[in-house]
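Each residue of the sequence shown is one higher than the one before, counting from 1 in the UniProt record's numbering.
Note that CB positions come from ideal geometry on N, CA and C, so glycine has one too.
None of the values given here were measured: they were computed from a predicted structure.
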Amino acid sequence: MLNLQVWLGHQTVDDLDKRILTALQRNNRHSFADLAELVGSSAASCMRRVNKLRAEGVIVADISLVDPKALGKSLTIVVTVELDRERLDLVDDFKRAMRAAKEVTQCYMVTGDADFVLVVAVEDVEAFDVFVKTKLYTNPNVRKFRSMISLDRVKFEPRVTV
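1) With residue 163 as the anchor, note down where its beta strand (DSSP E) starts and where it stops.
2) Quick check: the region 55-73 against the region 12-27, are there 3 or more CB pairs under 8 Å?
3) Look up Asp32 in the DSSP assignment and say whether it is helix, strand or coil.
4) What's the gap between the Cα of Leu2 and the Cα of Leu83?
5) Given that a residue counts as buried once 16 or more other Cβ atoms are within 10 Å of its Cβ, and exposed if not, what is Asp17?
6) Where does Arg49 land, buried or exposed, given buried means 16+ other C-beta within 10 angstroms?
7) Could you have a look at Thr134 and say whether DSSP puts it in helix, strand or coil?
8) Which same chain residues, not among the five before or five after Val117, have their C-beta less than 6 Å away from its C-beta?
9) Alpha carbons only, please: which of Thr161, Thr138, Phe156 is nearest the one belonging to Asp67?
10) Report the partner residues of Ala121 according to the DSSP bridge assignment.
11) Exposed or buried, residue 177, counting other C-beta atoms within 10 Å across all chains shown (16 or more means buried)?
Structure below.
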């Protein structure tokens with residue numbers, strides 16, 4: 001059987017690592033014994049590999065995904081933002097502001113008509129209005145933005161295919 005390896009910066013991920021990553025992305029609460037059974041390896045080997053994948057930054061976090069609606073965040077809005085000037089310091093300022101904005105759950109710097117795409121989760125339209133007034137209108141480098149209210153989350157897949 002061919003042992004495929006993927007180059008990720010300085011580390012390689014082999015077939016067993018891929019099976020481990022796939023299993024952990026489905027459920028990261030497996031014991032190493034259960035994980036070993038799922039991927040066809042030993043518990044000790046799985047523990048070593050998971051620790052290595054964490055140390056090398058392949059696994060960046062072990063988190064619990066929470067339903068936003070369960071916390072009263074029933075409104076999801078996708079916002080495209082166009083900056084006025086694309087000076088590095090101003091772009092970095094905008095990135096910092098979006099990282100700090102509790103309403104922003106995802107922020108992507110993109111190519112095309114917009115400079116950034118945001119995913120914003122809030123309680124209601126009034127909360128989104130507050131976000132817009134405090135985070136977008138007050139930023140002198142925001143030229144314009146467009147918002148699209150999500151009617152239905154058709155797919156949300158936080159996993160990476162390995």
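Taking the structure as given:
1) With the chain covering only 1 through 162, there is no way to say anything about residue 163.
2) yes
3) For the purposes of this step, residue 32 is identified with residue 32 of the sequence shown, where counting begins at 1. Looking at the sequence itself, residue 32 is Phe, so the reference to Asp does not match. Phe32: helix per DSSP, three-state reduction.
4) One-based indexing of the sequence shown puts residue 2 at position 2. One-based indexing of the sequence shown puts residue 83 at position 83. Here Leu2 scores only 39 on pLDDT, less than 50, and its place in the model is too uncertain to base an answer on.
5) Mapped onto the sequence shown, residue 17 falls at position 17. The residue is buried, with at least 16 neighbouring Cβ atoms inside 10 Å.
6) Taking the first residue of the sequence shown as 1, we reach residue 49 at position 49. Buried.
7) In the sequence shown, counting from the first residue as 1, residue 134 sits at position 134. Three-state DSSP puts Thr134 in a helix.
8) Counting from 1 along the sequence shown, the entry for residue 117 is found at position 117. Excluding positions up to five away in sequence, the list reads Thr80, Tyr108, Val110.
9) Here residue 67 refers to the residue found at position 67 of the sequence shown. Measuring from the Cα of Asp67, the nearest candidate turns out to be Phe156.
10) Taking the sequence shown and counting its residues from 1, the one referred to as residue 121 is at position 121. For Ala121, which the question treats as bridged, DSSP gives the partners Thr76.
11) What is shown of the chain runs 1 to 162, which leaves residue 177 out entirely.
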